[in-house]
Amino acid sequence: IVKHDGRCIMVWGCMSADRIGELVFIERNKNEETYLQILKGNLYKSAEKFDTRETYKFYHGNNPTHKA
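Each residue of the sequence shown is one higher than the last, beginning at 1 in the working numbering.
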């Protein structure tokens, strides 16, 4: 999260040891609905880039919206 002049930009992304997956820039407050939309739109795309769609593991932090 970067805060400047009262604005906030968050970046959602994923990575592996040798590749970077999708990056999503979020310019509004993230809630459960926003978080789920980000995952639905980008998680599988990233897994396909990594060629691990059938075997990847998803980990997240302890942010309350991650419990969605």
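Ideal Cβ placement from N, Cα and C applies to all residues, glycine included.
- Contact between residue 15 and residue 26 fails: their C-beta atoms lie close to 17 Å from each other, not under 8 Å.
- Contact check for residue 50 and residue 21: beta-carbon distance about 7 Å, within the 8 Å limit, so the pair qualifies.
- Of the candidates 17, 6, 61, 61 places its Cα closest to the Cα of residue 35.
- Secondary structure note for residue 21: its beta strand (DSSP E) is the uninterrupted segment 20 to 26.
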